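S.K.:
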Amino acid sequence: MADNAGNGRAPTRGRLAENVMHFARALRTAGLPVGPDRVLDALRALELAGVRRRDDFYWTLHAVFVDRHEHSAVFDEAFHLFWRDPGIMQRLLHSMLPQLEQRRPPEQRPEVSQRVAQALGPQTKPGRRDEDQEVEIDARLTVSEREQLRTRDFESMSPAELAQAKRALMHMRLPVEDIATRRYRPRAGGGRVDLRATLRASLRGGGAGIPLRYRMVRRRRPTLVVLCDISGSMSRYSRMFLHFVHAVTNDRDRVHTLLFGTRLTNVTRYLRDRDVDAALARIGQVVQDWSGGTRISSCLHAFNRDWSRRLLAQGAVVLLITDGLDRDPDSSLGAEMARLQRSALRLVWLNPLLRYEDFEPRAAGIRTMLPFVDDFRTVHNLQSLSDLAGALSGRRRRAA
Amino acid sequence: MSADDALTVALPDSIDATMRLMESANYVADRRLATAVFLSLRMGRPLFLEGEAGVGKTETAKVMAHALGRRLVRLQCYEGLDVASAVYEWNYPRQMIEIRLAEAEGALNREQLAGDIFDERFLIKRPLLQALSPDAGGAPVLLIDELDRTDEPFEAYLLEVLSDFQVSIPELGTVQAEEPPVVIITSNRTREIHDAVKRRCLYHWVDYPDAVRELEIVRRKAPRAAAELSAQVVGFVQALRGMDLFKVPGVAETVDWTNALVELDTVALDPDTINNTLGVLLKYQDDIARVEGSEVGRILQQVKAELSAAADG
Numbered sequence: 000m001a002d003n004a005g006n007g008r009a010p011t012r013g014r015l016a017e018n019v020m021h022f023a024r025a026l027r028t029a030g031l032p033v034g035p036d037r038v039l040d041a042l043r044a045l046e047l048a049g050v051r052r053r054d055d056f057y058w059t060l061h062a063v064f065v066d067r068h069e070h071s072a073v074f075d076e077a078f079h080l081f082w083r084d085p086g087i088m089q090r091l092l093h094s095m096l097p098q099l100e101q102r103r104p105p106e107q108r109p110e111v112s113q114r115v116a117q118a119l120g121p122q123t124k125p126g127r128r129d130e131d132q133e134v135e136i137d138a139r140l141t142v143s144e145r146e147q148l149r150t151r152d153f154e155s156m157s158p159a160e161l162a163q164a165k166r167a168l169m170h171m172r173l174p175v176e177d178i179a180t181r182r183y184r185p186r187a188g189g190g191r192v193d194l195r196a197t198l199r200a201s202l203r204g205g206g207a208g209i210p211l212r213y214r215m216v217r218r219r220r221p222t223l224v225v226l227c228d229i230s231g232s233m234s235r236y237s238r239m240f241l242h243f244v245h246a247v248t249n250d251r252d253r254v255h256t257l258l259f260g261t262r263l264t265n266v267t268r269y270l271r272d273r274d275v276d277a278a279l280a281r282i283g284q285v286v287q288d289w290s291g292g293t294r295i296s297s298c299l300h301a302f303n304r305d306w307s308r309r310l311l312a313q314g315a316v317v318l319l320i321t322d323g324l325d326r327d328p329d330s331s332l333g334a335e336m337a338r339l340q341r342s343a344l345r346l347v348w349l350n351p352l353l354r355y356e357d358f359e360p361r362a363a364g365i366r367t368m369l370p371f372v373d374d375f376r377t378v379h380n381l382q383s384l385s386d387l388a389g390a391l392s393g394r395r396r397r398a399a
Numbered sequence: 000m001s002a003d004d005a006l007t008v009a010l011p012d013s014i015d016a017t018m019r020l021m022e023s024a025n026y027v028a029d030r031r032l033a034t035a036v037f038l039s040l041r042m043g044r045p046l047f048l049e050g051e052a053g054v055g056k057t058e059t060a061k062v063m064a065h066a067l068g069r070r071l072v073r074l075q076c077y078e079g080l081d082v083a084s085a086v087y088e089w090n091y092p093r094q095m096i097e098i099r100l101a102e103a104e105g106a107l108n109r110e111q112l113a114g115d116i117f118d119e120r121f122l123i124k125r126p127l128l129q130a131l132s133p134d135a136g137g138a139p140v141l142l143i144d145e146l147d148r149t150d151e152p153f154e155a156y157l158l159e160v161l162s163d164f165q166v167s168i169p170e171l172g173t174v175q176a177e178e179p180p181v182v183i184i185t186s187n188r189t190r191e192i193h194d195a196v197k198r199r200c201l202y203h204w205v206d207y208p209d210a211v212r213e214l215e216i217v218r219r220k221a222p223r224a225a226a227e228l229s230a231q232v233v234g235f236v237q238a239l240r241g242m243d244l245f246k247v248p249g250v251a252e253t254v255d256w257t258n259a260l261v262e263l264d265t266v267a268l269d270p271d272t273i274n275n276t277l278g279v280l281l282k283y284q285d286d287i288a289r290v291e292g293s294e295v296g297r298i299l300q301q302v303k304a305e306l307s308a309a310a311d312g
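Sequence lines, in order, name chains A and B. Heads up: the first sequence runs through residues 0 to 399, numbered per numbering that gives the first Met the number 0. Heads up: the second sequence runs through residues 0 to 312, numbered per numbering that gives the first Met the number 0.
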């Protein structure tokens, strides 16, 4: 019986369809981008693959619903939560058999929707989770205790301030040249002959003579990766830097932002929100280590290990915003900085806390980091975004 | 391929059949990958394989082409890949000669000349167009390799190709595939691919294999290695993957290393040989410096202990 079920055409009509739809909704609530089209795909895939084995069922849905490696964990949890009832596979198979297709007794419906509600709901009964999941939650709590957990409110920026900031950013030039791409754009008198345009032009003229058309290499701005310190010593500037990064993110493509204090958080997705206050509010909720200590070395290590290959591949400029005051400086800081510099097209360090142009770096962290920086900017009296944009646009100054 | 190529194999009708098919081409697939491959074949959807370098993503496409008896069309991506090198290009020198000839004959009819110039004779087909053209041996397997190396404009172009399996050539019209090719896209995730591309595909993250499967792969790809050596190599590599390295070795490195050790007439691992050949396995100086020396000895002892425990148990 079960063997027929795999190739039967029933699933699209039976309870399975309903459950897959609910499951897709649960995934959507959990943050996976699962559109209605995926549900149809999933049903077709299940028809093809059959649902005789639990792992096939799992990987079939996985192939359709997941399109990022990071989402695999969410999917895994949702799957086991949603389909955990051991009886459900049995009922699933039954529901697909044509002869059992007739309407189910109504009393079974509430039970299903309750289970769905549970999967959808924010609080799940901890007693029903497996043990290692609980352990994981415990571990997370202890880590959090050590760090200073604070969620920050951001004051909103006045419209005048915003307008001024945008003006400043328009004129901002990073101390890097645009990168030549391998694409071309038409240009009279440009470097190379554009054969295709030439031929078209020649035909327009009836083939009498071949007027040459030219093209030249297109240039683009390099990818920008911002690593911003949000620890206690930087707290005065955090808000302004986030406004700055938000403006830059919405002004050009290929901008990635990671915040670090005691741990590293990628906030690029939130910064894409057009509304700066909404974006910063989301970041305030997500980032857990506001105004705590700094572990520059371990955060750079995390960046080098987890992100550098994904973000720095096509020639990226890294903008490192930190005061360089490491809570526990150790020997690995230099090595991590060296790796970062080698992976990036250019490493720019912006230090807002050093007030003098000709300062003597005394803190050990700063002295360790300086040799690996391509460009070093100190900013005194940093009050506004225009100052910041101005400082970054200034003439190139090689560090050390 | 020859016209009487009757080797074209029918598409598998179950996940098990897919696994057997891949195994027949000497590829040890786990069931997850086989599920994704099977669904992609049956649903006619491109398969998007993402994963670290050297886990067998490109190999999957080659194996599928081989096992299904189809032609493999490979498009290697790079930044700035454009239509002229990915889809088609006109043969300009020949076109210009054609114009001169027409001029010399004095028969200058504009309409006719345009028709003559933009004729299929002068069309140079690049991989994407090749993959859409009819083929005696069945629709080819199209491998779009390392899509993350190219840039957003090309991704956007790819959308049309992937959803309708057609390309438009302004001078000729639209070319549509009679039978859609089997499309496999790989990415090393040096950059996030746009969701619009992924939405049209089935996604699979190719992970490092577990010890059992890796040993099976080594047995097949490095058949000359002694059984003990293969087991030690796999144990050593698996231990390295647990370490905090900048780039842990992939399966390709495991196979390379085994072959290298065979060339050195090694029958069992010893610290000196490992230290001398570490460069086959680890490709970053920082990583080599971390592992070299005492760490190698420690891992090797641990691996040997585990293997003997497994043999006793």
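Idealized CB from N, CA, C, for every residue including glycine. Bear in mind that the values here come from a model prediction, so they are computed numbers and not experimental data.
For the alpha helix (DSSP H) containing C298 of chain A, list its first residue and its last residue.
M.R.: Walking along the first sequence from the start, residue 298 of chain A turns up at place 299. First-last of the alpha helix (DSSP H) with C298 of chain A: 295-301.
S.K.: State the DSSP-derived secondary structure class of N350 of chain A, mapped to helix, strand or coil.
M.R.: Here residue 350 of chain A refers to the residue found at position 351 when the first sequence is read from its first residue. Three-state DSSP puts N350 of chain A in a strand.
S.K.: Of all Cβ atoms in chain B, is any one closer than 8 Å to the Cβ of S71 of chain A?
M.R.: As a first step, residue 71 of chain A is located in the first sequence; it is residue number 72 there, counting from the start. Closer than 8 Å: yes.
S.K.: For the alpha helix (DSSP H) containing A226 of chain B, list its first residue and its last residue.
M.R.: Taking the second sequence and counting its residues from 1, one reaches residue 226 of chain B at position 227. Segment 226-240, the alpha helix (DSSP H) holding A226 of chain B.
S.K.: Under 8 Å Cβ-Cβ, which residues of chain B neighbour S331 of chain A?
M.R.: Locating residue 331 of chain A in the first sequence gives position 332, where the first residue counts as 1. Neighbours of S331 of chain A on chain B: none; closest Cβ ~10 Å, over 8 Å.
S.K.: Would DSSP call S186 of chain B helix, strand or coil?
M.R.: Within the second sequence, numbered from 1, the residue matching residue 186 of chain B stands at position 187. Strand.
S.K.: Rounded to the nearest angstrom, what separates L119 of chain A and F78 of chain A at their Cα positions?
M.R.: For the purposes of this step, residue 119 of chain A is identified with residue 120 of the first sequence, where counting begins at 1. For the purposes of this step, residue 78 of chain A is identified with residue 79 of the first sequence, where counting begins at 1. Interpretation of L119 of chain A is limited by its pLDDT of 45, a score under 50 that renders its predicted location unreliable; the figure taken from the coordinates is listed afterwards. Approximately 12 Å, taken between the alpha carbons.
S.K.: Under 7 Å Cβ-Cβ, which residues of chain B neighbour S201 of chain A?
M.R.: Locating residue 201 of chain A in the first sequence gives position 202, counting from the first residue. Those within 7 Å of S201 of chain A in chain B are I98.
S.K.: Mind reading off the beta-carbon distance from G260 of chain A to G291 of chain A? Whole number of angstroms is fine, and I expect it under 8 Å.
M.R.: Along the first sequence, read from residue 1 onward, the residue named residue 260 of chain A stands at position 261. Along the first sequence, read from residue 1 onward, the residue named residue 291 of chain A stands at position 292. Sure, about 5 Å apart at Cβ, within 8 Å.
S.K.: Quick check on the burial criterion: 16 or more other C-beta atoms within 10 angstroms. Buried or exposed for V247 of chain B?
M.R.: Numbered from its first residue, the second sequence carries residue 247 of chain B at position 248. V247 of chain B is buried by the Cβ-count criterion.
S.K.: Looking only at C-alpha atoms, which of A:A25, A:L194, A:L80 sits nearest to R184 of chain A?
M.R.: For the purposes of this step, residue 184 of chain A is identified with residue 185 of the first sequence, where counting begins at 1. For the residues A:A25, A:L194, A:L80, the minimum Cα distance to R184 of chain A belongs to A:L194.
S.K.: Does R294 of chain A have its Cβ less than 8 Å from a Cβ in chain B?
M.R.: Along the first sequence, one-based indexing puts residue 294 of chain A at 295. Not an interface residue.
S.K.: Quick one: what's I178 of chain A bridged to in DSSP?
M.R.: As a working mapping, residue 178 of chain A is identified with position 179 in the first sequence. DSSP lists A:R219 as partners of I178 of chain A.
S.K.: List the residues of chain B that L194 of chain A touches, going by C-beta distances under 7 Å, in chain order.
M.R.: Within the first sequence, numbered from 1, the residue matching residue 194 of chain A stands at position 195. Correct list: Y91.
S.K.: Count the other CB atoms, across all protein chains shown, that sit within 10 Å of the CB of G188 of chain A; report buried if there are 16 or more and exposed otherwise.
M.R.: In the first sequence, counting from the first residue as 1, residue 188 of chain A sits at position 189. So G188 of chain A ends up on the exposed side.
S.K.: Could you check where the alpha helix (DSSP H) with T267 of chain A kicks off and where it finishes?
M.R.: Counting from one through the first sequence, the residue named residue 267 of chain A turns up at place 268. Per DSSP, T267 of chain A belongs to the alpha helix (DSSP H) from 267-270.
S.K.: Quick check for students: name the residue ranges of the beta strand (DSSP E) that lie wholly in the region 151-187 of chain B, counting only runs of 3 or more.
M.R.: If we require 3 residues or more, the beta strand (DSSP E) runs fully inside the region 151-187 of chain B come out as 165-168, 172-175, 181-186.
S.K.: Going along the chain, which residues of the region 110-123 of chain B sit with their C-beta nearer than 7 Å to a C-beta in chain A?
M.R.: Against chain A - using a Cβ distance shorter than 7 Å - the residues of the region 110-123 of chain B are L112, A113, I116.
S.K.: Just curious, the alpha helix (DSSP H) that H58 of chain A is in, first and last residue?
M.R.: As a position in the first sequence, residue 58 of chain A is number 59, starting the count at 1. The amino acid occupying residue 58 of chain A in the given sequence is Trp; His does not appear at that position. It spans 53-64 - the alpha helix (DSSP H) in which W58 of chain A sits, taken as one unbroken run.
S.K.: If I measure Cβ to Cβ from R289 of chain B and keep anything under 8 Å in the same chain, skipping five residues before and after, which residues do I get?
M.R.: As a position in the second sequence, residue 289 of chain B is number 290, starting the count at 1. For R289 of chain B, where only same-chain residues beyond five positions count, the Cβ hits under 8 Å are M242, L244.
S.K.: So is T189 of chain B in contact with chain A if we call contact Cβ pairs under 8 Å?
M.R.: Within the second sequence, residue 189 of chain B is the residue found at index 190, counting from 1. Output row for T189 of chain B: interface = yes.
S.K.: What residues in its chain sit with their C-beta under 7 Å from that of V160 of chain B, if we drop five residues either side in the sequence?
M.R.: Position 161 of the second sequence, counted from the first residue, corresponds to residue 160 of chain B. Contacts found: L127, V166.
S.K.: Looking at C-alpha atoms only, which residue of A:Q340, A:A44, A:D228 is the closest neighbour of Q287 of chain A?
M.R.: Numbered from its first residue, the first sequence carries residue 287 of chain A at position 288. Closest by alpha carbon: A:D228.
S.K.: Keeping to the same chain, check which residues put their C-beta closer than 7 Å to that of E17 of chain A; ignore five residues upstream and five downstream.
M.R.: Here residue 17 of chain A is taken as the residue at index 18 of the first sequence, counted from 1. Result list for E17 of chain A: empty, nothing under 7 Å.
S.K.: Look up T264 of chain A in the DSSP assignment and give the residues it is bridged to.
M.R.: Against the first sequence, residue 264 of chain A aligns to sequence position 265. Note: T264 of chain A sits in a beta bridge opposite A:L258.
S.K.: Taking L47 of chain A as the query, report the chain B residues whose CB atoms sit under 8 Å from its CB, ordered along the chain.
M.R.: The residue you call residue 47 of chain A lines up with position 48 of the first sequence. Neighbours of L47 of chain A on chain B, chain order: F37, L38, R41, M42.
S.K.: Under 8 Å by Cβ, that's how I've got A343 of chain A and V317 of chain A pegged, so tell me the actual separation to the nearest angstrom.
M.R.: The count along the first sequence starts at 1 and reaches residue 343 of chain A at position 344. The count along the first sequence starts at 1 and reaches residue 317 of chain A at position 318. That pair is a contact at about 4 Å.
S.K.: Indicate the three-state DSSP secondary structure (helix, strand or coil) for K56 of chain B in the structure shown.
M.R.: The residue labelled residue 56 of chain B in the question sits at position 57 within the second sequence. K56 of chain B falls in the helix class under three-state DSSP.
S.K.: Of all the CB atoms in chain B, is at least one closer than 8 Å to the CB of A312 of chain A?
M.R.: Taking the first sequence and counting its residues from 1, the one referred to as residue 312 of chain A is at position 313. Yes, contact with chain B.
S.K.: How big is the Cα-Cα spacing for K197 of chain B and N187 of chain B?
M.R.: The sequence position of residue 197 of chain B within the second sequence is 198, counting from 1. The sequence position of residue 187 of chain B within the second sequence is 188, counting from 1. About 14 Å.
S.K.: From P125 of chain A to L80 of chain A, what distance separates their C-alpha atoms?
M.R.: Numbered from its first residue, the first sequence carries residue 125 of chain A at position 126. Numbered from its first residue, the first sequence carries residue 80 of chain A at position 81. Residue placement at P125 of chain A is flagged as unreliable, the pLDDT there being 38, under the threshold of 50; the coordinate-derived value follows with that caveat. Each residue's alpha carbon lies about 12 Å from the other.
S.K.: Curious, which full-length alpha helix (DSSP H) runs of at least 4 residues does the region 88-142 of chain B contain?
M.R.: Fully enclosed alpha helix (DSSP H) runs of 4 or longer: 91-104, 109-116, 126-131.
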